[in-house]
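Report on the structure given below.
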Amino acid sequence: MVFVTLMTAIASLLYLGGHLYASEVDDNIVKAAKQSYVFKHYLKDDNVDVKSNNGEVTLTGTVSDDASRALARETVASLPGVKSVDNKLNIKGTPPEAHSDAWLITKVKTTLLFHRNVSGAKTEVLASNGTITLRGEAVNSAQRDLASEYAQDVDGVKNVKNEMTVQGTPVKPGEATMGEKLDAVGDLIDDASVTALVKITLLYHRSTSALNTTVSTKGGVVTLGGEAKSDSEKFLATKLANDVHGVKQVVNNMTVLGAN
């Protein structure tokens, strides 16, 4: 009788301990999500509620567009302890029709916003029948040209008209551009956010959207896995990922199909 009572007590303690541990993990997941760079910067104007039950996360609320919805999911999915993500986020209003001008504007803006070497926040994006017009001010002609290159590579874009002006006052030697200033706080950009930003970036670029790519991040070092059809596709994936905010280095372990 004493033995049975003792075993029952031990079982109860083990159950309680496991429950407390699971509860702590869930609390850490919710806290990490809310304190992530993505949630504090890109989703700060959205209403995203995060709940976790034994590592199974449910997202509810509303976001401004499909890009924000995907970004929230990828960020949470990359957090330690997360087993699955049920994304129940709704988009405010009526989502734009796929491949419409409004849809393209969102994709181009998102793409430019994630790259450190273009001024996405200061670039106005217009669209008409698949033709994208960029307006605003670039630090130099190289940044202006890169904005065109990135916009042209967004799936659905037919043509790009770049009406951006080049900054009248040259950047002084040693003076950081906006992208470099953001990159200077790269240590504050958590790995889950970096992983999410890289995943969405590769998805939105036409040249890499069809690639079967895996992304993981540790200490700002991004590792790419999966398959590429050619060396040029593999190189482009590295180039695009390396220009995402928070990325310190890219290790590309992708295999090239057909390569010996």
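If you count by UniProt numbering, then the sequence shown holds residues 1 to 260, one letter each, in order.
A virtual CB, placed ideally from N, CA and C, is assigned to each residue, including glycine.
DSSP state of Gly-186 mapped onto helix, strand, coil:
Residue 186 sits at position 186 when you count from the first residue of the sequence shown. Confidence is the limiting factor: at Gly-186 the pLDDT is only 47, short of 50, which leaves the residue's position unreliable and the question unanswerable from this model.
When you compare only the Cα positions, how much space is there between Ile-132 and Asp-27?
Residue mapping note: residue 132 aligns to position 132 of the sequence shown, counting from 1. Residue mapping note: residue 27 aligns to position 27 of the sequence shown, counting from 1. Those two C-alpha atoms are separated by around 44 Å.
When you compare the CB positions of Ser-52 and Thr-60, do they come within less than 9 Å of one another, or not?
Locating residue 52 in the sequence shown gives position 52, where the first residue counts as 1. Locating residue 60 in the sequence shown gives position 60, where the first residue counts as 1. Taking a C-beta distance under 9 Å as the contact criterion, Ser-52 and Thr-60 do not qualify as a contact pair.
Is it buried or exposed, Ala-127, if we count other Cβ atoms within 10 angstroms and call 16 or more buried?
Within the sequence shown, the letter at position 127 stands for residue 127. Burial call: buried.
Any non-hydrogen atom of the ligand MN within 8 Å of Val-118 CB
Of the ligands one can find in the structure shown there are none, so the ligand MN has no counterpart to examine.
Give the C-beta separation of Ala-196 and Leu-43 to the nearest angstrom, bearing in mind that I take them to be a contact with Cβ-Cβ under 8 Å.
Here residue 196 corresponds to residue number 196 of the sequence shown, with the count starting at 1. Here residue 43 corresponds to residue number 43 of the sequence shown, with the count starting at 1. Between Leu-43 and Ala-196 the Cβ distance is about 11 Å, and since that is not below 8 Å, they are no contact.
Out of Leu-79, Pro-80, Gly-81, Lys-92, point me to the one whose CA is closest to Val-48's CA.
As a first step, residue 48 is located in the sequence shown; it is residue number 48 there, counting from the start. When each option's Cα is compared against that of Val-48, the closest is Lys-92.
Whose CA, out of Ser-84, Lys-199, Thr-165, lies closest to the CA of Gly-225?
Here residue 225 is taken as the residue at index 225 of the sequence shown, counted from 1. Considering only Ser-84, Lys-199, Thr-165, the residue with the shortest C-alpha distance to Gly-225 is Lys-199.
So which of Asn-242, Ser-230, Lys-248, Val-244 has the shortest CA-CA distance to Thr-255?
Numbered from its first residue, the sequence shown carries residue 255 at position 255. Among Asn-242, Ser-230, Lys-248, Val-244, the Cα nearest to that of Thr-255 is on Ser-230.
I'd like to know whether the C-beta atoms of Gly-120 and Thr-111 end up nearer to each other than 9 Å.
Stepping through the sequence shown from its first residue, residue 120 is reached at position 120. Stepping through the sequence shown from its first residue, residue 111 is reached at position 111. Yes. Within cutoff.
Proximity of Val-76 and Ala-33 at Cβ, strictly below 9 Å
By 1-based counting over the sequence shown, the position of residue 76 is 76. By 1-based counting over the sequence shown, the position of residue 33 is 33. It is a contact, given that the beta carbons lie within the stated cut-off.
Same chain, Cβ closer than 6 Å to residue 291, five either side skipped, listed in chain order
There is simply no residue 291 to check, as the chain begins at 1 and stops at 260 in what is shown.
Which residue spans inside the segment 194-256 form an unbroken alpha helix (DSSP H) run of at least 4?
231-242
Helix, strand or coil at Ser-84 according to DSSP, with G and I counted as helix:
Counting from 1 along the sequence shown, the entry for residue 84 is found at position 84. Correct three-state label for Ser-84: strand.
Proximity of Thr-201 and Leu-240 at Cβ, strictly below 9 Å
For the purposes of this step, residue 201 is taken as the residue at position 201 of the sequence shown. For the purposes of this step, residue 240 is taken as the residue at position 240 of the sequence shown. Yes.
What are the boundary residues of the beta strand (DSSP E) that Ser-100 is part of?
As a first step, residue 100 is located in the sequence shown; it is residue number 100 there, counting from the start. Careful: Ser-100 lies outside any beta strand (DSSP E) and carries neither H nor E.
Going by DSSP, what residue range makes up the alpha helix (DSSP H) through Thr-62?
In the sequence shown, the residue the question calls residue 62 occupies position 62. Annotation for Thr-62: no alpha helix (DSSP H) segment contains it, though the beta strand (DSSP E) segment containing it runs 56-63.
Alpha-carbon to alpha-carbon, Leu-89 and Pro-80
For the purposes of this step, residue 80 is taken as the residue at position 80 of the sequence shown. For the purposes of this step, residue 89 is taken as the residue at position 89 of the sequence shown. If you take the alpha carbons of Pro-80 and Leu-89, they lie about 21 Å apart.
Coil, strand or helix - Gly-136 by DSSP
Translated into positions along the sequence shown, residue 136 becomes position 136. Three-state result, Gly-136: strand.
For Gly-168, count the other beta carbons within 10 Å of its own beta carbon; 16 or more makes it buried, fewer makes it exposed. Which is it?
Residue 168 sits at position 168 when you count from the first residue of the sequence shown. It is exposed - the Cβ of Gly-168 has fewer than 16 other Cβ atoms within 10 Å.
With DSSP as the reference, identify every bridge partner of His-115, one or two as the case may be.
The count along the sequence shown starts at 1 and reaches residue 115 at position 115. Per DSSP, Val-244.
Cα-Cα separation, His-115 to Lys-109:
One-based indexing of the sequence shown puts residue 115 at position 115. One-based indexing of the sequence shown puts residue 109 at position 109. Going by the C-alpha atoms only, they are around 10 Å apart.
Considering only the alpha carbon of each residue, which of Asn-162, Val-250, Leu-257 lies closest to Leu-134?
By 1-based counting over the sequence shown, the position of residue 134 is 134. Nearest option by C-alpha distance: Asn-162.
Rounded C-alpha distance that separates Thr-223 from Val-160:
Taking the first residue of the sequence shown as 1, we reach residue 223 at position 223. Taking the first residue of the sequence shown as 1, we reach residue 160 at position 160. Their Cα atoms are separated by approximately 31 Å.
Residue interval of the beta strand (DSSP E) (run including Val-50)
The residue given as residue 50 occupies position 50 in the sequence shown. 47-53 is the extent of the beta strand (DSSP E) around Val-50.
Buried or exposed: which applies to Asp-190, given that a residue is buried once 16 or more other Cβ atoms fall within 10 Å of its Cβ?
Position 190 of the sequence shown, counted from the first residue, corresponds to residue 190. Result: buried.
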